[in-house]
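Step one of this worksheet: look at the structure below.
There are 2 protein chains.
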Amino acid sequence: MTLSQNGTYHHGDLRAACLRAARELLEEDGSAALSLRAVARRAGVSATAPYRHYADREALVSAVAAEGYRELAEHLSADRPAPSTPDDLAAVAVVYVRFALEHPALFRAMFAEPCDPTGEERVAATEAISSYVRALVRDAFPGTEDTDALSTTVWALVHGLAFLHLDGKLDASAPEVVAQRVRASVFALFTAAPALRTAVAAD
Amino acid sequence: MTLSQNGTYHHGDLRAACLRAARELLEEDGSAALSLRAVARRAGVSATAPYRHYADREALVSAVAAEGYRELAEHLSADRPAPSTPDDLAAVAVVYVRFALEHPALFRAMFAEPCDPTGEERVAATEAISSYVRALVRDAFPGTEDTDALSTTVWALVHGLAFLHLDGKLDASAPEVVAQRVRASVFALFTAAPALRTAVAAD
DNA sequence: CTATGATGTATGCACCGTCCACATGGAGGC
DNA sequence: GCCTCCATGTGGACGGTGCATACATCATAG
């Protein structure tokens, strides 16, 4: 009967300790290192103790992902509290991609897992990001008729940039190069082939 | 000494058999089901036999991913052999996203794995897609000065749309709804907030 | 016809997720 | 103040996994 870290049989706040340990393992050695047993070891607790707080491994990963969503949302809004210009939009996009590159395993856990939509904690956190983007787009594009569609476009663009960098499809060795590319891509939303506008408008 | 599937000690073409089995497992039960042992079982061979052809699990997954890249490239170019208009671009985008939704686990294996850039098979396959997009953008946007930057933007947008649908961030229950949203997003590249163009141009 | 190297087998180890029976001890009713 | 209940943690077991190692088979080159 090994005693828990703090010398008592009961840990005190194992739920939070697991979350923290999981997060650390993820950041240190990637998602492969994120095992329930490793989490338990790091929390100084028996292998099966975490099951009192998380139904299974996926539940724990999901909790970590939800935390990641919250942090991402914070980063975004912290950088530009009241974004309303195209430059703000580009800056927020840069923050989004940088977050992905600075927390690759966490970002993958947030998006690249099979992840059923039943995790209400995750759904709420996602909604926060989604609505932030929508508000940003509304302010930056006052004349747009379909804000939702454009928000989707913007989110997808930035999200895609994040993943392509993360997967090495785009060079991500120098942060400033990445930032510049992200800004250029966002601005390309407005400068792309003026000739085409008429072709589309005629549709 | 169990005999291999075809009754002989040596399998004949275990390399290809492993690839096929891996692909099947991936499509049937997702990436969690893709274990080397399961692959070996399906190929009717001992658990360690695949190691003669693949250094480790990751090497096998990487081979499957490379196959996925080739198939995706085929799908794209098969749908529009000589794409050159905005409509072609939108159609290709729809094919890209549909491929992701019809082969979710494969698509994830292609992009969502840690994946070092050292797999030359993968690099080549990626390059094929990348250059296809570049050519498409060049033809569809004859007046563009920086084709590479715009290609990046287009790929990122479409790729992001694929992932957001895959992760349930965008409703993907009805294929036609998805297709419509993808088309709208691509077209949004040209119709977004004309007023902003001047603001950016002044930069 | 034989030796050799490519291919497949058998075995074992460490680790994993998860189920189960059981131990502990803090909090609330008597 | 004591005692009981139950949330929380322990320990052991089972079947699965990736992978290293030693050995078996057999097609083919000399």
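Taken in sequence, the protein lines are chains A and B.
Note that our numbering gives residue 30 to position 30 of the first sequence, counting from 1, and the numbers run on in steps of one.
Start counting at 1 in the second sequence, then tack on 203, and there's your number in our numbering.
Think of the CB as a built atom: it goes at the ideal place given N, C-alpha and C, for glycine as much as any other residue.
### Message
Taking the straight line between their C-alpha atoms, what separation do you get for T356(B) and A188(A)?
### Response
7 Å
### Query
Taking Cβ-Cβ distances shorter than 7 Å, what residues in chain B pair up with L170(A)?
T355
### Query
Along the segment 140–151 of chain A, what residues have a CB closer than 7 Å to any CB found in chain B?
F141, G143, T144, A149 and L150
#### Entry: Cβ pair count under 8 Å reaching 3, the segment 243–257 of chain B against the segment 217–234 of chain B
yes
### Query
Hey, how far is the Cα of H165(A) from the Cα of T329(B)?
A direct Cα-Cα distance of roughly 13 Å separates H165(A) from T329(B).
### Query
List, in order along the chain, the chain B residues whose C-beta lies closer than 7 Å to that of R108(A)?
A315
### Task
Alpha carbon to alpha carbon, how far is P50(A) from V389(B)? Give it in angstroms, no decimals.
45 Å
### Query
With 16 other CB atoms within 10 Å as the buried threshold, where does E67(A) fall?
Result: buried.
### Task
Indicate whether D146(A) and F314(B) have their beta-carbon atoms separated by less than 7 Å.
no
### Query
Apart from the five residues on each side of it in sequence, which residues of its chain come closer than 8 Å, Cβ to Cβ, to S333(B)?
Correct list, in chain order: S354 and W358.
### Task
Less than 8 Å between the CB atoms is what I'm expecting for C221(B) and L275(B), so what's the real figure, rounded?
The Cβ separation is near 21 Å, so there is no contact.
### Message
For a test of the three-state rule: what should DSSP assign to E375(B), helix, strand or coil?
### Response
Going by the sequence as given, residue 375(B) is Ala instead of Glu. Three-state DSSP puts A375(B) in coil, outside helix and strand.
### Query
Which residues in the same chain as H278(B) place their Cβ atom closer than 6 Å to its Cβ, once the five residues preceding and following it in sequence are excluded?
The answer, listed in chain order, is V298 and F302.
### Message
Between A368(B) and chain A, is any beta-carbon pair separated by less than 7 Å?
### Response
According to the sequence shown, residue 368(B) is His rather than Ala. Chain A, which has no Cβ nearer than 7 Å to the Cβ of H368(B), makes this no.
### Query
What's the C-alpha gap between A343(B) and D290(B)?
9 Å
#### Entry: Alpha-carbon spacing of A266(B) relative to Y272(B), whole angstroms
10 Å
### Task
Report, in whole angstroms, the separation of the C-beta atoms of L304(B) and A377(B), which I expect to be a contact under 8 Å.
Actually they are not in contact, since the Cβ atoms of L304(B) and A377(B) sit about 11 Å apart, beyond 8 Å.
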